[in-house]
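S.K.:
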Amino acid sequence: MNNHIRSFYRIRYQKRKAAGVCTSCGKEEARPGRVTCVACGIRATKNSTNRQRKLEPLQKALKICRYCDCREVMAGTRWCGYCQERRAEQTAAYRAARAKRGQCVDCKDAAVHGKTRCQRCLDRQIRAVHTYRDRKNCSLSAPGSGTSNPSTSAA
Ligand SMILES: [Zn+2]
Ligand SMILES: [Zn+2]
Ligand SMILES: [Zn+2]
Numbered sequence: 023m024n025n026h027i028r029s030f031y032r033i034r035y036q037k038r039k040a041a042g043v044c045t046s047c048g049k050e051e052a053r054p055g056r057v058t059c060v061a062c063g064i065r066a067t068k069n070s071t072n073r074q075r076k077l078e079p080l081q082k083a084l085k086i087c088r089y090c091d092c093r094e095v096m097a098g099t100r101w102c103g104y105c106q107e108r109r110a111e112q113t114a115a116y117r118a119a120r121a122k123r124g125q126c127v128d129c130k131d132a133a134v135h136g137k138t139r140c141q142r143c144l145d146r147q148i149r150a151v152h153t154y155r156d157r158k159n160c161s162l163s164a165p166g167s168g169t170s171n172p173s174t175s176a177a
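Every position in the sequence shown, counted from 1, becomes a number in this note's numbering once 22 is added.
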């Protein structure tokens, strides 16, 4: 791309942005606080999901963090120590802020008094545990799960 074309795109982008029109398609109205319309936003998300899908095997093979793409992963995970710490901090801060406001940490509804979740999410959590147990039972009796090793549980 030569400079002329590049500046053409830049000017078009700025014009569209100033007009509150989607900078991607130039047809639809941009979403509030964003530079693209709903459809283009969805398309961009899909593209980034595709990108992630393409990158995944590479990240796995090279053992690099899926979040920052540059650091080595910690054993048994798919992310680096730095990203793990950062994400844990973010999640903790996010949850603490919600809990403070009396909101469910999962869905922002009003939390049950003395709990960090709303009734719906508490129920769902209980159900999830049940499902997990069921699945566990299933996999134990599933054919092809191979040679069960009783010494693992004994040790
Ligand atoms: Zn658009
Ligand atoms: Zn990382
Ligand atoms: Zn909830």
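For glycine and all other residues, C-beta sits at the position ideal for the given N, C-alpha and C.
Predicted model only: the values in this text are computed from it and were never measured.
In whole angstroms, give me the CA-to-CA distance for residue 51 and residue 74.
M.R.: Taking the first residue of the sequence shown as 1, we reach residue 51 at position 29. Taking the first residue of the sequence shown as 1, we reach residue 74 at position 52. About 28 angstroms.
S.K.: Taking only three categories from DSSP, how would you classify residue 119?
M.R.: Taking the first residue of the sequence shown as 1, we reach residue 119 at position 97. Reduced to three states, the DSSP call for residue 119 is helix.
S.K.: Using the rule of at least 16 other Cβ atoms within 10 Å of the residue's Cβ for burial, across every protein chain shown, is residue 153 buried or exposed?
M.R.: Stepping through the sequence shown from its first residue, residue 153 is reached at position 131. Classification for residue 153: exposed.
S.K.: Who are the Cβ neighbours of residue 176 in its own chain at under 7 angstroms, not counting the five residues just before and after it?
M.R.: What you label residue 176 is simply residue 154 of the sequence shown in a count that begins at 1. Residue placement at residue 176 is flagged as unreliable, the pLDDT there being 45, under the threshold of 50; the coordinate-derived value follows with that caveat. Counting only Cβ-Cβ distances below 7 angstroms, and skipping sequence neighbours, we find nothing.
S.K.: Give me whichever residues DSSP pairs with residue 94 in a beta bridge.
M.R.: For this step, residue 94 is matched to residue 72 along the sequence shown. Paired residues: 86.
S.K.: In chain order, what residues of the same chain lie with their CB nearer than 7 angstroms to the CB of residue 102, ignoring the 5 residues before and after it?
M.R.: The count along the sequence shown starts at 1 and reaches residue 102 at position 80. For residue 102, where only same-chain residues beyond five positions count, the Cβ hits under 7 angstroms are 87, 90, 93, 94, 95, 96.
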